[in-house]
Ligand code: B12
Ligand code: SF4
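Chains as they are written, first to last, in my numbering: chain A, 214 to 525; chain B, 4 to 449.
What follows is the structure in structure tokens.
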């Protein structure tokens, strides 16, 4: 019996989304088949890895992580340069300092940092609010205006604030990250709402909501697989936006990335364990279809890039 | 290929004798088609019918057991390509390779590591499942001595014997002949000799070829030589080849019922760098590898890989959950602290583990929220003040504790006011957000 390669016929394709400008611009998306199945489709762009920086010092980041970044986190600009030197394709600036429970910085301060960072690096920039839906509307508006012309991705637009955040992206020619909560229908719904208000669907990057290895990873994994199947097999235009996974924030709060070996000898050394935790989470997300990863540990990001290279 | 009731009916005796417990042969055929009956119930079924139905009923991917006894592991026997379609049933086995050159101390260390590899995660015991002894340089005596070292050192742990030389396998298998090892591997060159050993020793046999066409041919050939328990290796080592080959194998088996590829698969994830090896193995875990062979099994590596495997192989329809109850942690007394969490296994075991770490005996009230985590249950309206109050009141916990203080998870601090209203006389204390802060929190109170 000869083997006839059982190929799928895909009717849909993922949109291309370009971030940044000039020689270091990065394009993501474009896949015409399920992840890495080169025998039945093409993958013009490899998944991009963004390293995360913040507008405040990472005091609440775990020791292992802070050590890996060293003194670079003293200022956002220095930190961004450090990430670019350490192989980041993209810088993801999280304006955590604006959160009312953090430093409650005002939108102008945040915008200033965003502009400085944008000027300091020539790789693309992702600008994230603090996750406070209400405050993020003002913060992202200001930051989007301050980085006009840089073709950033700004977010996250969520159900509660998508109108203002999308308007800010539109007015300043940026791309948009839209996040829903681990649900295929909610993800689609948000993209529909955005297009209904006139936002170009080919400028959206979808965030299905990430989770860490061992802590709900399987939910994100399957939601992403289902989104990709709908995009490719059912040719659903509302599911064909590239996917971003914001994994660092989830990974670096679980016990496996925090607990020293002395406390859990059966888990082995903390440094390797923590790094592997983020790298394995990353590999799971790209296997399920992620087009962009937001990570925290430069070493883990390097491992993610290695496996991506091996998969292309 | 599934048969319809009418197709099956054609092969039944058509006497309607009712001995099967069904009114007619047709009714019985319908039950068979729906897999609600077994052909064994019809005493008059012909050999033809048995053969046909047996083949139709065979799973698209054969299930194979490595080893014997309580450490045996079953792999294969999967029915879908994506876990959300149903679920993945038989978790891949992890094996560590011990090379013949590691005979002695290095091998002993790995053997000990395998024996000490068991971890408890979310109520499941997970461990390195098997040991692969790999021939190097063709020294049969040396190979056999390592096999013996493993059999003696790690009794019961399933074995994979790695050599393409039948004479070497022959030497090694004498030490584990009755333990259903997996022989790796039959190739186009040695197929007859390897098949002969596998049949004689009732071992499973891996078939290794370069590429999928060669693999198909070899699998058919070895099956034709009378070996049923096969494991497939297409030679894929690079992550991309792994995903592509394993996907094609799985699809061909499940969607096309292509028998030559309807077997479990084996991959060798070895890399010079341990993190790189972890990540490569992870790709195998997610994309259909049934056996993943590693060069080394550092504790952190296995923690990550076993956790990933557990994630991927959980039932997507039913979250892992524990029974609603007030659990006693340590030697809790009537004045011990009382905490509440949800019945999502992950939440329960994390919290329980941290309470145990604190060494402060406690009561842990676990409320049935259909297996949702604390925040998810809260967001879904299943962990509300009134529901918690009702649960506490009906749980009978007041018989266990003499005090009326309930510690709630820090993430649902907003519930404390409403809870005090709904539970008159109770003091609600907001605990830390993350469970890993519980030891400090509990010790400070004790
Ligand atoms: C996986 C997941 C799901 C899965 C369900 C998983 C499950 N079985 O529960 C699915 C996809 C079904 C889901 C659905 C929803 N989800 Co959800 N989900 C998550 C996710 C990613 C992980 C949850 C998890 O497994 N956590 C791990 C467990 C162990 O955490 P935990 O139970 O809270 O326990 C920790 C602490 O609370 C503490 N702890 C626990 N018990 C106790 C007890 C005491 C005494 C103490 C001191 C501490 C303590 O210890 C643990 C470890 O530190 C989180 C986001 C995230 N990254 O956390 C969102 C999250 C919980 N989900 C959220 C939401 C909104 C939803 C939905 C309502 C979305 C929607 N609109 O459909 C639905 C609701 C469900 C429904 N209607 O059926 C929100 C909740 C936001 C909020 N604050 O209200 C979250 C936080 C995401 C977010 N950032 O927006 N979700
Ligand atoms: S026992 Fe067999 S022959 Fe008799 S009714 Fe049932 S199926 Fe028909």
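Note that CB positions come from ideal geometry on N, CA and C, so glycine has one too.
- Out of B:49, B:10, B:100, the CA that lies nearest to the CA of residue 272 of chain B is found in B:100.
- Taking 3 residues as the minimum length, the beta strand (DSSP E) runs contained wholly in the stretch 355-424 of chain A are 366-370, 388-392, 417-420, in order along the chain.
- Counting C-beta atoms within 10 angstroms of its own C-beta, residue 453 of chain A has 16 or more neighbours from the protein chains shown and is therefore classed as buried.
- With a cutoff of 7 Å on beta-carbon distance, residue 342 of chain A and residue 389 of chain A are scored as not near each other.
- Counting every other CB atom within 10 Å of its CB across the protein chains shown gives residue 51 of chain B a total below 16, marking it as exposed.
- Think of a sphere of 8 Å around the beta carbon of residue 360 of chain A: no beta carbon from chain B falls inside it, the nearest being about 33 Å out.
- Residue 469 of chain A and residue 441 of chain B have their alpha carbons spaced roughly 16 Å apart.
- From the beta-carbon of residue 381 of chain B, no residue of chain A is found nearer than 7 Å; the closest lies around 13 Å away.
- Using a cutoff of 6 Å, the CB of residue 408 of chain B does not count as near the ligand B12, since none of the ligand's heavy atoms is closer than that.
- Ranking B:124, B:172, B:40 by CA distance to the CA of residue 356 of chain B puts B:124 first.
- Those residues placing their Cβ nearer than 7 Å to any heavy atom of the ligand SF4 are, following chain order, B:15, B:16, B:17, B:18, B:19, B:20, B:21, B:22, B:23, B:25, B:27, B:28, B:31, B:44, B:45, B:46, B:47, B:48.
- Boundaries around residue 229 of chain A are those of the beta strand (DSSP E), 229-232, since no alpha helix (DSSP H) includes it.
- By the 16-neighbour rule on beta-carbons within 10 angstroms, residue 397 of chain B is exposed.
- DSSP places residue 226 of chain B in the helix class (H, G or I) of the three-state scheme.
- Set against 6 Å, the gap from the CB of residue 368 of chain B to the closest heavy atom of the ligand B12 is not smaller.
- Residue 377 of chain B: not part of any beta strand (DSSP E); member of the alpha helix (DSSP H) spanning 377-382, first to last residue.
- For residue 301 of chain B, the nearest beta carbon of chain A is closer than 7 Å to its own beta carbon.
- Residue 341 of chain A has its Cβ no nearer than 6 Å to any heavy atom of the ligand B12.
- Contact with chain B is found for residue 524 of chain A, since one of that chain's Cβ atoms lies less than 7 Å from the residue's Cβ.
- Residue 324 of chain B has its CB no nearer than 6 Å to any heavy atom of the ligand B12.
- For the C-beta of residue 214 of chain A, the chain B residues within less than 8 Å are, from N- to C-terminus, 219, 223, 261, 262, 263.
- Closer than 6 Å to some heavy atom of the ligand B12: that describes the Cβ of residue 395 of chain A.
- DSSP assignment within the stretch 205-268 of chain B yields the following whole alpha helix (DSSP H) runs of 4 residues or more, N-terminal first: 215-227, 242-259.
- The beta carbons of residue 419 of chain B and residue 431 of chain B sit closer together than 7 Å.
- Runs of beta strand (DSSP E) with 3 or more residues, each lying fully within the stretch 265-312 of chain B, are found at 269-271, 294-297, listed in chain order.
- For residue 399 of chain B, the CB stays at least 6 Å from every heavy atom of the ligand B12.
- For the stretch 242-255 of chain B, the residues whose beta carbon sits under 7 Å from a beta carbon of chain A are, in order, 242, 243, 246, 247, 250, 251, 254, 255.
- The CB of residue 319 of chain B comes closer than 9 Å to the CB of 431, 432, 435 in chain A, given here in chain order.
- Looking at A:319, A:306, A:345, the one whose alpha-carbon comes closest to that of residue 330 of chain A is A:306.
- Separation of residue 284 of chain A and residue 301 of chain A (C-alpha to C-alpha, rounded to the nearest whole angstrom) is 18 Å.
- Every alpha helix (DSSP H) stretch that sits fully inside the stretch 421-475 of chain A and reaches 4 residues is listed by chain position as 430-445, 461-464.
- Partner residues in the beta bridge of residue 328 of chain B, as assigned by DSSP, are B:369.
- Inclusion of residue 405 of chain B and residue 338 of chain B in the CB contact set at 7 Å is warranted, their separation being smaller than that value.
- In the structure shown, the three-state DSSP call for residue 175 of chain B is helix.
- About 6 Å separates the beta carbons of residue 254 of chain B and residue 84 of chain B, which is inside the 8 Å limit, making them a contact pair.
- Among the CB atoms of chain B, one or more fall inside 7 Å of the CB of residue 252 of chain A.
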